[in-house]
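Colleague: Residue numbers (the working numbering): 415 to 712.
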Ligand code: XIL
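1. Are the CB atoms of residue 612 and residue 580 nearer to each other than 8 Å?
2. Could you check whether the Cβ of residue 536 sits closer than 7 Å to any heavy atom belonging to ligand 1?
3. Take residue 590 and list the residues in its own chain whose beta-carbon comes closer than 6 Å to its own, dropping the five residues that flank it on each side.
4. Please tell me whether, using a cut-off of 7 Å, the distance from the CB of residue 686 to the nearest non-hydrogen atom of ligand 1 is below it.
5. Report the option in 634, 552, 644 whose CA atom is closest to the CA atom of residue 616.
6. If you run the structure through DSSP and keep just helix, strand and coil, what is residue 699?
7. For residue 655, is the classification buried or exposed, using 16 other Cβ atoms within 10 angstroms of its Cβ as the cut-off for buried?
8. Within the present structure, is the beta-carbon of residue 502 separated from the nearest heavy atom of ligand 1 by less than 7 Å?
9. Identify the continuous beta strand (DSSP E) that holds residue 643 and give its terminal residues.
10. Would the beta-carbon of residue 499 fall within 8 Å of that of residue 456?
11. Could you pull out every residue in the same chain whose Cβ sits closer than 7 Å to the Cβ of residue 449, ignoring the five residues on either side in sequence?
12. For ligand 1, I want to know if residue 450 counts as a neighbour, meaning its beta carbon is within less than 7 Å of at least one of the ligand's heavy atoms.
13. Could you tell me how far apart the beta carbons of residue 434 and residue 684 are, in whole angstroms, since I believe they sit closer than 8 Å?
14. For the candidate residues 621, 483, 564, whose alpha-carbon lies nearest to that of residue 601?
15. Would the C-beta of residue 443 count as close to ligand 1, meaning under 7 Å from any of its heavy atoms?
16. I'd like the ranges of any beta strand (DSSP E) spanning at least 3 consecutive residues and lying wholly in the region 611 to 692.
17. For residue 576 and residue 437, what's the separation of their Cα atoms in angstroms?
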């Protein structure tokens, strides 16, 4: 193929980008988006603070814009993210206990119901594990409602939208390490007890190296019976950028249950990693060496 999306499709995968509603009026941006990508993720517009700014008052205007941009271009839409300790709305930040648990589960139910039938994969829970060597959960007001908050969220999401693949998504899980092993143990437990989980997202916000166990880590999760996806790929610019992008692409293709790759933005100037130039297109929309490396690896 001659585009990322078409080439990935030839391999039975998608190639997506996170997109921002505020940039959809930029013709260079939308030209690249509609030409190169066949999956979209809302960079911010489907998060809790965006969709439920006041408790019980839902606003889907900006999320729907992302959804409709994707669907009208024939793309898959990844839902990101139902529950996350960051970008909680102000009203939820001060809540604890059963009031927060009920509010969180209601949020999952309402948002997944609104988007029912339209979302390819939902990040049901984002970034719930701690960094470092503990392999345990991250402290948050959600975690303090009880260790079963994650499975409760997955069950609510399944009930609301049985057609969406339900993912757990996290970062610093880009190799076999204590954090990824903690998540691995949770997924294994969920599968053994029938908690509905279909996929694990590996954000892959990478620096100037790639862990030598990157592919093996994807494979061990796939071997549990879940799909794996690269969900937020960006790579610091440096001598290795193109090689790292190619290595991630090859790793996904080598794992039959790796169903797709999403990059976290289109041009370097669109990236949340200001000054790091971590994406596939430069600020003018030109293809970088990293783009060619990915296309050649697909
Ligand atoms: C980032 C967005 O790119 C920024 O625009 C926003 O200010 C903060 O969130 N992990 C995630 C994403 O799961 O939602 C984050 O997106 C990047 C890290």
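Note that the Cβ used here is the ideal one computed from N, Cα and C, for glycine as well.
Modeller: Result, derived from the coordinates:
1. Cβ atoms of residue 612 and residue 580: closer than 8 Å.
2. Residue 536 has its Cβ no nearer than 7 Å to any heavy atom of ligand 1.
3. Exclusion of the five residues before and after residue 590 leaves 627, 631 as the residues of its chain whose Cβ lies within less than 6 Å of its Cβ.
4. Residue 686 Cβ: within cutoff of ligand 1.
5. For the options 634, 552, 644, the alpha carbon positioned closest to that of residue 616 is the one of 644.
6. Three-state DSSP puts residue 699 in coil, outside helix and strand.
7. By the Cβ-count criterion, residue 655 is buried, with 16 or more other Cβ atoms from all chains shown falling within 10 Å of its own Cβ.
8. Residue side-chain check: residue 502 keeps its Cβ at 7 Å or more from all non-hydrogen atoms of ligand 1.
9. 641 to 649 is the span of the beta strand (DSSP E), which, as asked, contains residue 643.
10. With a cutoff of 8 Å on beta-carbon distance, residue 499 and residue 456 are scored as not near each other.
11. Excluding residues up to 5 positions away in sequence, 417 lie with their Cβ nearer than 7 Å to the Cβ of residue 449 in the same chain.
12. Every heavy atom of ligand 1 is 7 Å or more from the Cβ of residue 450, so no.
13. Residue 434 to residue 684, Cβ: 7 Å. Contact.
14. The candidate whose alpha carbon is nearest that of residue 601 is 564.
15. Incorrect: residue 443 has no Cβ contact closer than 7 Å to ligand 1.
16. Counting only runs of 3 or more, we get 613 to 616, 641 to 649, 672 to 677.
17. Each residue's alpha carbon lies about 32 Å from the other.
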